[in-house]
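For reference, the structure discussed in these notes is given below.
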Amino acid sequence: MTKRYSNGEVTIVWKHHLCIHSGNCARGLASVFKPKESPWIDPAGADSQSIIDQVAKCPSGALSIELKQSENNSVMENNSLTRVTVTDKGPYLVKGTFVFVDKDGKEETKEGNIALCRCGLSKNKPFCDGTHRSSDVLSK
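Numbers 474 to 613, taken from the working numbering, label the letters of the sequence shown in order.
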């Protein structure tokens with residue numbers, strides 16, 4: 474499921490199936506990201522640049538930005554290196570531009586952030602869905 478929330482200048486795109494519920498968005502910009510409310514995203518809660526900056530910190534890539542003048546292009550950080558981070562008791566976080574090859578050999582160039590399952594319990598493999606938080610499988 475993908476939802477869009479716009480303030481007229483930028484559109485926040487939320488891909489529920491990629492969200493690992495890290496809470497970075499709400500901790501970083503609580504005036505926009507309000508997980509206990511419905512709708513949980515209020516694009517009028519901050520200026521557009523603050524929203525863009527916070528969305529860029531989403532570890533899973535569940536949040537992205539579309540600009541008004543080019544609604545088909547997501548704003549991504551310019552970074553020539555791809556970075557893979559192993560989190561403590563969490564997913565692999567991949568940030569940058571990379572080629573993703575699925576189990577059938579289909580290749581797709583991706584840019585941005587994704588979180589890959591490390592615990593083996595995700596219902597959205599190979600992507601993390603946050604299931605590791607309710608298990609002790611990664612605590613060893």
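No residue lacks a Cβ here, since even glycine has one placed at the ideal position from N, Cα and C.
Here V528 carries a helix assignment [DSSP, helix/strand/coil].
Pairing V572 with T582 gives a Cβ-Cβ distance under 8 Å.
Sequence-distant partners of K530 (beyond 5 residues in either direction) whose C-beta falls short of 8 Å from its own C-beta, in its chain, are N497, C498 and G501. Assignment of N586 by DSSP, reduced to helix, strand and coil, places it in the strand class. Taking 8 Å as the cut-off, the Cβ atoms of P599 and L611 do not count as close. Collapsing the DSSP output to three states places G569 in a strand.
Counting along the chain, R500 sits inside the alpha helix (DSSP H) bounded by residues N497 to G501.
Contact between A535 and C492 is confirmed by a C-beta separation of about 4 Å, below the 8 Å threshold.
G569 is not a Cβ neighbour of T560, given a cutoff of 8 Å. For R556, the secondary structure class from DSSP, reduced to helix, strand or coil, is strand. Going by DSSP, E482 is part of no beta strand (DSSP E) at all; its letter is neither H nor E.
The continuous beta strand (DSSP E) containing S537 extends over residues L536 to L540. In the DSSP assignment, the residues bridged to R477 are V486.
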